Amino acid sequence: KNEVEQSPQNLTAQEGEFITINCSYSVGISALHWLQQHPGGGIVSLFMLSSGKKKHGRLIATINIQEKHSSLHITASHPRDSAVYICAVESGANSKLTFGKGITLSVRP
Amino acid sequence: GAGVSQSPSNKVTEKGKDVELRCDPISGHTALYWYRQSLGQGLEFLIYFQGNSAPDKSGLPSDRFSAERTGGSVSTLTIQRTQQEDSAVYLCASSSGLYNSPLHFGNGTRLTVT
């Protein structure tokens, strides 16, 4: 079993919809990162969180440490949100990162 | 520059040749990761450097792969006797290494082994 599981693997939405992407992990962590990769593009960091909730524009990230679960929400989705969203957890004494496989989101106009 | 810089951006090599990929992390960042991303696949961890600690090499797929980080800054990933299955985008990321510090990724090196 992978240490970091993301669901769903692929997601298609209509412009304007509210989108939720999930990440579950099986190890104790010190932080969780949400990353975004546009087709053919580089990877950018969206959020890093270790508790609670963070908001940036239309994006909201939440984490429940007890349940070992995090969600990334996109409100009023737009085609430019189409990308791969990757969850990564930081754990261990050396803060090593373990990545999920990512979720491919397509937002249709 | 302000970001993580990787070179070359593209590399085409013949099977059996050795290649070197370079990563310049953000100045002062003590943590440096190498990952690779094969077509349609997720990120595969290769190696992690953190300050002066021994690197975590647990992700290197074979002994043809090696990496070093000189002076705690620039890192070089070397692949010897390249194989076609080595074709991938090789990504470097760095962070300050402090608790809850964000990651910064380079744009990657696209390696094609013919």
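Chains as they are written, first to last, in the working numbering: chain Y, 1 to 109; chain H, 110 to 223. Backbone N, C-alpha and C fix where the C-beta goes; we use that ideal spot for every residue, glycine too. Just so you know, these numbers come straight off a predicted model, no measurement behind them.
Those residues which DSSP pairs with residue i across a bridge
i      : result
N119/H : R219/H
K55/Y  : I60/Y
I89/H  : Only positions 110 to 223 of chain H appear in the structure, and residue 89/H is not among them; the question remains open.
T98/Y  : V89/Y
Residues that residue i contacts on chain H, provided the C-beta gap is smaller than 8 Å
i      : result
G100/Y : G151
S45/Y  : P211, L212, H213, F214
Residue i, buried or exposed, once every other Cβ within 10 Å from all chains shown has been counted against 16
i      : result
G102/Y : buried
V121/H : exposed
H213/H : buried
D172/H : exposed
L148/H : exposed
E90/Y  : buried
R190/H : exposed
L207/H : exposed
G217/H : buried
R108/Y : exposed
F47/Y  : buried
Coarse secondary structure for residue i, derived from DSSP in three states
i      : result
Q189/H : coil
D165/H : strand
E17/Y  : coil
R173/H : coil
E5/Y   : strand
E90/Y  : strand
E194/H : helix
T75/Y  : coil
Amino acids of chain Y, ordered along the chain, whose beta-carbon sits closer than 8 Å to that of residue i
i      : result
D133/H : Ordered by position in chain Y, no residue passes the 8 Å Cβ test against D133/H, which lies about 15 Å from the chain.
G217/H : G42
Cross-chain neighbours of residue i in chain Y, by beta carbon under 9 Å
i      : result
L200/H : G42, I43
D195/H : Neighbours of D195/H on chain Y: none; closest Cβ ~19 Å, over 9 Å.
Amino acids of chain Y, ordered along the chain, whose beta-carbon sits closer than 7 Å to that of residue i
i      : result
S184/H : The contacting residues do not exist; S184/H stays about 16 Å from chain Y at best.
Proximal residues of chain H, C-beta to C-beta of residue i below 9 Å
i     : result
I86/Y : G151, L152
If you pair each beta-carbon of the stretch 201-208 of chain H with each one of the stretch 131-146 of chain H, do three or more pairs fall below 8 Å?
yes
Do the stretch 12-32 of chain Y and the stretch 54-68 of chain Y meet, that is, are 3 or more Cβ pairs less than 8 Å apart?
yes
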